[in-house]
Amino acid sequence: MESIREVLIKNKNRFSEETHCLNRIAQAAIDHQLSMTQQIFEYCLDFYIHMDEPERRAALMNEYPEFLKAYVNQIEEEISHTEIPEETPEQAEARWQSLCDKIRARHGEDAI
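Mapped onto the numbering used here, the consecutive letters of the sequence shown carry residue numbers 4 to 115.
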């Protein structure tokens, strides 16, 4: 279990990273000093994904559902034009065997 001191230090470090890495416009929009735009929202969301900040990411998405919807629609549009190549039965079997080998290596021969 983390001590209160460890939690405070970790949060201080994250705050410091955010303050130094997030550009001033994004910081101002998050602090409601500027209006949030789609472009700033996506910049902040990408930043929080990269920094592995699920709480901040969730807060941003909850606060701006209209920008989240546009972001998701944009991704869906991009994906809709992507063709997924078909997998041959041999490739599927090789992928399955690779997965089984990894499970056995980690959990023992009797795992699967």
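The beta carbon of each residue, even a glycine, is placed where N, CA and C say it ideally should be.
A quick note: this is a predicted structure, and the numbers were derived from the prediction, not measured.
> Quick one: is residue 32 buried, meaning 16 or more other Cβ sit within 10 Å of its Cβ, or exposed?
Replying inline: If you number the sequence shown from 1, residue 32 lands on position 29. Result: buried.
> Are residue 41 and residue 62 closer than 8 Å when you measure CB to CB?
Replying inline: Locating residue 41 in the sequence shown gives position 38, counting from the first residue. Locating residue 62 in the sequence shown gives position 59, counting from the first residue. Contact: no.
> Are the beta-carbon atoms of residue 52 and residue 28 separated by less than 8 Å?
Replying inline: As a first step, residue 52 is located in the sequence shown; it is residue number 49 there, counting from the start. As a first step, residue 28 is located in the sequence shown; it is residue number 25 there, counting from the start. Contact: no.
> Start and end of the alpha helix (DSSP H) containing residue 63?
Replying inline: Start at 1 with the first residue of the sequence shown, and residue 63 comes out as number 60. Residues 57 to 66.
> What residue does the alpha helix (DSSP H) around residue 53 start on, and which one ends it?
Replying inline: Taking the sequence shown and counting its residues from 1, the one referred to as residue 53 is at position 50. From DSSP, the alpha helix (DSSP H) with residue 53 extends over 41 to 53.
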